[in-house]
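Peer 1: Here it is, the structure, as C-alpha cells.
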Ligand SMILES: [Mn+2]
Ligand SMILES: [Mn+2]
C-alpha cells in the first residue's frame, strides 16, 4: 500500500505529540498503526485504516508503522519500500516527505526498533486492536495481554505507565482541537450529502440496499468510507440491523444510521423517513415526540452538564409524550425512575464521537465514564456509553429513539413491573411504527450546543418533502 | 451478527461435502469460518465474509463457526445466540432452520467441539486466514503454524492429511458446479451494471472517486460488495493503484478494475475508456492491440490447453502489434522468448476465479500451478498466477494490458537487454497512454470459451459511446 502524506499541516501533529509529552512528563510512549487485515487471503485485504491513537499523533495510514518517542523526540519506524513497489503500488511519498509532513525527527526502518527500545527503560503503550499487531506488540514490549481475544481489548487491565498513558491520551482526545473539528465538520458534510441522497432515492418498490447504495456513493465520491456498518432498514426496531435486503413498502418508515469516515474522523447520523413521503398520524405523533426528545437533550449540551442527566432528560420527554398519547399511564418522572421508558427506548442517548464512532471504545469505559462512575444496572440505562461532565470541545451524539421491539414487549420479565402502567390497547394503534431514531452530532462549546449535523433536515415535514425528490431521471 | 440461511438449496452443500468425503475416503476434516475482524475497536468490525472453504461447503456467513465431519456425518459448531440478540441484531435464522438449510446432521454449541475432536484420531484442516482464527485453530488441532504471519498463509508447508485435504478441496473448487456458476453469472451481471454506470458517470472535471462511487453503488444496490479493492484510476500504469483522488482530464484514459462479491462469489473485470469519450489515434491504436490480445487469448480457452500458453499467446499478439507500430523492432516470437513484451505487459494474463478473486490463493501456488510446475524466473511471466491445463468448469480471467511504466522504462537493468529492439522515439509518441487493460471472466467448456462478462462492452467505439452517457440529470 502506498503511503500518502497526512491531510493537515505537520504542526497539527507536532502540537498533539508535544501536549502528550507534557502530560507524560517526558516519559516515552509507543503507538502502533496496525497491520493490513486479510479478507479472504493475504493479498486481498480490507480497506486499511490506521489505529486511531497512531492516527491522532501522525495523520498517516501506514500499515505496520510504529510511533515512538518522548519530549520533542518522536520517530516513526516503518518497513522500507520494496524494490517493486513503483510497479505495483506506484510512487509513494518518500520518507523525507513523510518526515517533513508529520514533523517527526526521523523515519527509521522497523529493524531498528528493537535497539531503540532497548535504550529506554520501559515505554508506555496502549493495546493494539488488530490481533496480529497486538501479538507482536505484546512480545516486543513484554506485555501479558498478547494472547487475549481482541473482543476484550477494552477490558485489558492497564497498569502503571500504560494506565497513565491511557489517561493522558483520553484527556487530549476528549476535547477536540481545531484541526480535528475541521475534519469532523467535513465528515458531517459527507453525512449530509449521503442522507439527502438516501431520502431522494427512497420510493416504494425499491429495496433498502438501493438507499444504502445512494448514501454510501456520496461518501465514496468524497473519498470517504462508511465510519461503521451502515444501518438502512425498515426494521428500525432491530438496533444494529446489518441487513438491507428488505423491500420498501408504502407504509414503512425507513431508518438510516449512516456516517462517514473523513481522513479517519467520524460522523454518526440517524434520520427516519416515510417510504411513501407521507407520515401516518401515528407515525407522525411518535416521530414528533422523538424530535422533541432530541431537541430537549441537545439544548442541555454545555460545559459542566453531566451526560447521564441528558440521557434522563430525553427519557423523561419520551415518557411524558407516551403518557400524553395514552400509551403509558401515570407520572412521567416516576416512570423514568423505575426505567419504564426503556421498554420503548432501550439504549443510551449517545456517546463520544471523534476518530472512532464510539470514540476511544478500544479503551473500554475508561474514556466514556469519569473516574468513580460506573454503568447503571437498570435495563436501558445500562447501555449508556458515556457518563462524564461535558467540557468545551467534547463532541457527543444525541440520539433518542422509540421502538416497538417484539423481543421486549413480549418479555414478561422486562414488562412485568410496568404492565399496569402500559395501555396495550392504545399501543396497538401504533403498530405501523417499528423504529424511529433521530441522531445528531453535537459539539459542546462555552456558548452551548453546536450541532455539526444541523444542515441535515429533521423536521417531519421537511424530511417528508425530500423523500423521492427528483435528483435523477431514472 | 445475525446469520442468514444460505442462498441456495441444502442439496448444493450436501453434494459438495459428499464429493469431498469420497475424495478423502471417509477421513474427517474441519473448516473454520473465521471471526469478525475489528476495524478500530472490537464492536466496529469490517463487513464479515466467511473463509472461502467454509463457505463452499455450507453457504453461510457465520462468524466463529466450524464445520467438522466425514462421510455423510457433518456438523456445524457455533456460538449459541446471546440472550439480548433479538434486541440488538434482530431475529436470526434458528439453528433448526440453519441445520435444514445447510443439510448438516446437527448444529452444536462450540463448547462441544473439543470433545468431538477428542473422539477422532486426527482431523485434516487448512490454515485459517484470520490471525485470531488461525491461532485458535492451531492450538485446538496441535498445528505448528499458529504463530506464523498470515501473509505467509500460502507458503505454510502442509503435511500428511492436511496436504491431502488441500488437494481434494482444490480438485473440487477448480471445476465449478452448476450452482457456483449461477452465482458467478450473477456476480458478472453486477460487474456489468457497475462498469456501465462508471462509464456513464465519467466526464472531465470529475474525480476518479466519483466513478468509483457510481460503480460500487450498483454493487451495493444488488446487495453485493466489491470482491477486492476497486481500482479506478487515470494512472493505470500503477498496477495495484488504490487511490482514487485524481481529477479526470479530457485527454486521460480511465482504467477501472472492479468486480462484485455475490454471496461470496467473485467477478473480476477491467475496462478502459477515454475520459472525454473520444480516443486519440495513439490511444486507439494501443487499445485495439490490447483488445486483439484479449480476443486471441480468450479464443484459446478450452479443455486441455495449458494456461501458460495462453499467456504467451497474448504476449505474442502484443509484441507483434508493437512491432507493427514501430515501437519494437525485429521478430515478435524472438522478442517474447526473450521477455521483451514484459516491458509493456509486466503481469500474467490472468488467474483462477471463483469464491476468491484469485481463487484459492490462500493455498499459495498449490491451486494455480499443476504439480511439477513452478513459476518462471523471467520478469513478467514470474507474475503469472496460473499454469494448469484447462478443464471444463474452470473459470479464469483473461486480462492482457499495455502500460508505460516509468519505473520499468527508466530501469537500465530491465531495459538494457532490449534497448536495441526498442524505438524510444516512436514510443514517445504514445505518451498519452499510461495504462490499458481489458479483463474478462472466461469459463472453459467442452464447446470452448464462455465469456461470462461478454455483455460488458469492450469494442473501442462501443465503449466510447457509453462515456458520459446521460443516465441521470445532474
Ligand atoms: Mn450513534
Ligand atoms: Mn484479475
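Protein chains in written order, with the UniProt record's numbering: chain A, 1 to 474; chain B, 1 to 474.
Ideal Cβ placement from N, Cα and C applies to all residues, glycine included.
1) Shorter than 6 Å, the distance from the beta carbon of residue 453 of chain A to the closest heavy atom of ligand 1, or not?
2) Based on the DSSP output, what are the partners of residue 389 of chain B in its beta bridges?
3) Residue 294 of chain B by DSSP, collapsed to three states: which one?
4) Using a C-beta to C-beta distance shorter than 7 Å, which residues of chain A count as neighbours of residue 346 of chain B?
5) Measuring straight from C-alpha to C-alpha, what distance separates residue 328 of chain B and residue 338 of chain B?
6) Return no unless some Cβ of chain A is closer than 7 Å to the Cβ of residue 239 of chain B.
7) Could you name each continuous alpha helix (DSSP H) segment of 4 residues or more that falls completely within the region 156-186 of chain B, going from the start of the chain to the end?
8) Could one say the Cβ of residue 71 of chain A lies closer than 7 Å to chain B's Cβ atoms, at least one of them?
9) Report yes if the C-beta of residue 399 of chain A is less than 6 Å from at least one heavy atom of ligand 1; otherwise report no.
10) By a C-beta neighbour count over all protein chains shown, 10 Å radius and 16 as the cutoff for buried, is residue 446 of chain A buried or exposed?
11) Tell me which residues share the same chain as residue 314 of chain A and place their Cβ nearer than 8 Å to its Cβ, disregarding the 5 neighbours each side in the sequence.
12) Taking the continuous beta strand (DSSP E) assigned at residue 395 of chain B, which residues delimit it?
13) Report the rounded CA-to-CA distance for residue 202 of chain B versus residue 255 of chain B, giving the unit in angstroms.
14) Taking three-plus beta-carbon pairs below 8 Å as touching, is the region 453-468 of chain B in contact with the region 267-276 of chain B?
15) At a Cβ threshold of 7 Å, is residue 209 of chain A touching chain C?
16) Does chain B have any CB closer than 7 Å to the CB of residue 492 of chain A?
17) Applying a beta-carbon distance threshold of less than 7 Å, which residues of chain A neighbour residue 361 of chain B?
18) Which whole runs of the beta strand (DSSP E) in the region 40-92 of chain B are 3 residues long or more, in chain order?
19) Report all residues from its chain with a CB closer than 8 Å to the CB of residue 379 of chain B; omit the five preceding and five following residues, and keep chain order.
20) Determine whether the Cβ of residue 223 of chain B lies closer than 7 Å to any Cβ atom of chain A.
21) Where DSSP assigns a beta bridge to residue 448 of chain A, which residues make up the other side?
22) Where does the unbroken alpha helix (DSSP H) through residue 335 of chain B begin, and where does it stop?
23) Would you mind giving the Cβ-Cβ distance between residue 179 of chain B and residue 156 of chain B, rounded to the nearest angstrom? I have them listed as a contact below 8 Å.
24) In chain B, which residues lie less than 8 Å from residue 242 of chain A when you measure between Cβ atoms?
25) Quick one: is residue 385 of chain B near chain A, going by C-beta distance under 7 Å?
26) Which one of B/200, B/229, B/29 and B/383 has the shortest CA to CA distance from residue 38 of chain A?
27) Do we get a CB-CB distance below 7 Å when we pair residue 38 of chain B with the residues of chain A?
28) Would you decide whether residue 191 of chain B is buried or exposed? Buried here means 16 or more other CB atoms lie within 10 Å of its CB.
29) Are the beta-carbon atoms belonging to residue 301 of chain A and residue 444 of chain A less than 7 Å from one another?
30) Residues of chain A with CB under 9 Å from residue 216 of chain B, in chain order?
31) Exposed or buried, residue 87 of chain B, counting other C-beta atoms within 10 Å across all chains shown (16 or more means buried)?
32) Taking all protein chains shown into account, do 16 or more other C-beta atoms lie within 10 angstroms of the C-beta of residue 412 of chain B, making it buried, or fewer, making it exposed?
33) Strictly below 7 Å CB to CB, what residues from chain A border residue 408 of chain B?
34) For residue 464 of chain B, which residues in the same chain have their Cβ closer than 8 Å to its Cβ, ignoring the five residues on either side in sequence?
35) Would you mind telling me which residues of chain A sit closer than 8 Å to residue 356 of chain B, beta carbon to beta carbon, in chain order?
36) Just verifying my parser: in three-state terms, what is the DSSP assignment at residue 356 of chain A?
Peer 2: With the structure as the only source:
1) No.
2) Paired residues: B/306.
3) If DSSP states are grouped into helix, strand and coil, residue 294 of chain B belongs with the helices.
4) Within chain A, the residues near residue 346 of chain B are 87.
5) The alpha-carbon atoms of residue 328 of chain B and residue 338 of chain B are separated by roughly 13 Å.
6) Nearest CB-CB separation between residue 239 of chain B and chain A: below the 7 Å threshold.
7) The region 156-186 of chain B is shown to contain whole alpha helix (DSSP H) runs of 4 or more residues at 160-174, in chain order.
8) At a cut-off of 7 Å between beta-carbon atoms, residue 71 of chain A makes no contact with chain B.
9) The answer is yes for residue 399 of chain A.
10) Classification for residue 446 of chain A: exposed.
11) If we look at residue 314 of chain A and ignore the five residues flanking it on each side, its Cβ neighbours are 293, 294, 296, 297, 345, 349, 398 and 400.
12) Element bounds for residue 395 of chain B: 395-398.
13) When rounded, the distance between both Cα atoms is 11 Å.
14) The region 453-468 of chain B, when compared against the region 267-276 of chain B, does touch it at the 8 Å Cβ threshold.
15) Within the model displayed, chain C is absent; protein chains A and B are what it includes.
16) Residue 492 of chain A lies beyond the residue range present for chain A, which begins at 1 and ends at 474; the question has no answer from this structure.
17) Annotation: Cβ neighbours of residue 361 of chain B in chain A (cutoff 7 Å, chain order): 41 and 43.
18) For the region 40-92 of chain B, whole beta strand (DSSP E) runs of length 3 or above, ordered along the chain, are 66-70 and 73-78.
19) Excluding sequence neighbours, residue 379 of chain B sits near 339, 342, 346 and 414.
20) Yes, residue 223 of chain B lies at the interface with chain A (some Cβ there is under 7 Å from its Cβ).
21) According to DSSP, which records beta bridges pairwise, residue 448 of chain A is partnered with A/445.
22) For residue 335 of chain B, the enclosing alpha helix (DSSP H) has its first and last residue at 332-338.
23) Contact doesn't hold; Cβ gap of about 29 Å is too wide.
24) Per Cβ cutoff of 8 Å: 1, 2 and 89.
25) It does not: the Cβ of residue 385 of chain B has no partner Cβ on chain A nearer than 7 Å.
26) Just measuring C-alpha positions, the residue of B/200, B/229, B/29 and B/383 sitting nearest residue 38 of chain A is B/229.
27) Answer yes: the Cβ-Cβ gap between residue 38 of chain B and chain A drops below 7 Å somewhere.
28) Burial call: buried.
29) It is a contact, given that the beta carbons lie within the stated cut-off.
30) Contact of residue 216 of chain B with chain A by beta-carbon distance below 9 Å involves 213, 216, 217 and 220.
31) Taking all protein chains shown into account, residue 87 of chain B has 16 or more neighbouring C-beta atoms within 10 Å of its C-beta and is therefore buried.
32) Its Cβ having fewer than 16 others within 10 Å, residue 412 of chain B is exposed.
33) Against chain A, the beta carbon of residue 408 of chain B has neighbours under 7 Å at 87, listed in chain order.
34) Once the five neighbours on either side are set aside, the close Cβ partners of residue 464 of chain B are 273, 274, 277, 278 and 279.
35) Counting only Cβ-Cβ distances below 8 Å, residue 356 of chain B has contacts in chain A at 40, 41 and 44, in chain order.
36) DSSP places residue 356 of chain A in coil when its eight states are reduced to three.
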